[in-house]
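Peer 1:
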Amino acid sequence: MSSPQRKRAKSEPADVQKVADKTSKPLKVPEEKMPTKKKAKGTAPRRKSSTKASTIEEERTGTQKNVYTYWLMKSEPESRLENGVDMKFGIEDLKGQPNQTACWDGVRNYQARNFMKDMKIGQEAFFYHSNCKEPGIAGIMKIVKEAYVDHTQFAKKDAHYDPTSQQENPKWFMVDVQFVRMTKRFISLAELKRYYQEQAATGGPLKNIALFTRSRLSVQPLTKEEYEFILSLEDVKT
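Residue numbers (the working numbering): 1230 to 1467.
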């Protein structure tokens, strides 16, 4: 079976928040290189897993890793050239792919990559339009293939080529997504921010949403409460 047609790479970090709160700054996510464990001689190369490291950290700190089943994933719906490659890939572009399915390549942030490695088939994600005149949620898609090697890291002509990544030990991964439906109406960043600011002060489902607390991430986790609250906004008249 042939792989789904590759989607255009997305910007990393995420869009500039045109309605950013001047009184509070989002938590910056470092882009530092993660140390890699040396393999013993004679050991066959294998795909890295964060499971063991996470387990050790949980045992050391006494905390448990959050398990997410909903996501928000950002991509650019407007044309922008980077190294001669058009970064444009909006929800209409996803709808136009064979079987309305595409690989979500080009992510070059370790935390965002790790979130994709946590994704499971069938989980839903909001398709978020970023780095555009009006950023916000345009529709819903679902994960149809779990994390596998992102081939664009090895393509020298690709905007997200990474010369430090090796075929036997790749750094970057991607998932396949499939269009589910458009949201009943476009839910803008400005509208979401109003709810976030209210609930951050008084309490509510969006009080800790990553869209504002970790805004630079192009792949973000959502709790069930966050996801359901945002879905409920479809029926709110503005």
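The beta-carbon is built from N, C-alpha and C at its ideal position, and this holds for glycine as well.
Under 8 Å, with one C-beta from each stretch per pair, do the stretch 1373-1389 and the stretch 1430-1450 reach the 3-pair mark?
Peer 2: No, the stretch 1373-1389 does not touch the stretch 1430-1450.
Peer 1: Spell out the partners DSSP gives Thr1412 in its beta bridges.
Peer 2: According to DSSP, which records beta bridges pairwise, Thr1412 is partnered with nothing at all.
Peer 1: Taking Cβ positions, are Ala1376 and Lys1346 nearer each other than 8 Å?
Peer 2: Against a cut-off of 8 Å, the Cβ pair of Lys1346 and Ala1376 comes out as a contact.
Peer 1: Got a sec? Which residues, its chain only, sit under 6 Å from Ile1320 by beta carbon, not counting five neighbours each side?
Peer 2: Correct list, in chain order: Phe1356, Ala1367 and Gly1368.
Peer 1: Would Leu1446 and Gln1326 be called neighbours here (beta carbons separated by less than 8 Å)?
Peer 2: In this structure, Gln1326 does not lie closer than 8 Å to Leu1446 by Cβ.
Peer 1: Determine the direct distance from the alpha carbon of Asp1315 to that of Lys1371, and round the result to whole angstroms.
Peer 2: Using only the alpha carbons, I get a separation of about 24 Å.
Peer 1: Whole angstroms are fine: how far does the CA of Asn1312 sit from the CA of Met1411?
Peer 2: Cα-Cα distance, rounded: 31 Å.
Peer 1: Pick from Leu1310, Arg1309, Ser1444 and Met1403: whose alpha carbon is nearest that of Ile1350?
Peer 2: Ranking the options by Cα distance to Ile1350, first place goes to Met1403.
Peer 1: Counting along the chain, where does the alpha helix (DSSP H) carrying Phe1458 start and finish?
Peer 2: It spans Lys1453 to Ser1461 - the alpha helix (DSSP H) in which Phe1458 sits, taken as one unbroken run.
Peer 1: Quickly, what does DSSP pair Trp1300 with across the bridge? List them, please.
Peer 2: For Trp1300, which the question treats as bridged, DSSP gives the partners Ala1354 and Pro1450.
Peer 1: Look at the Cβ atom of Tyr1297, then the Cβ atom of Leu1460, and state whether they are nearer than 8 Å.
Peer 2: Contact flag unset, no.
Peer 1: How many whole angstroms separate the CB atoms of Val1373 and Asp1405, which I take to be in contact at a CB cut-off of 8 Å?
Peer 2: At roughly 5 Å, the Cβ-Cβ gap stays under 8 Å, so Val1373 and Asp1405 are in contact.
Peer 1: Given this structure, state the Cα-to-Cα distance separating Tyr1456 from Tyr1425, to the nearest angstrom.
Peer 2: Each residue's alpha carbon lies about 13 Å from the other.
Peer 1: Can you pull the DSSP bridge partners for Asp1315?
Peer 2: Answer by DSSP bridge pairing, in chain order: Leu1310.
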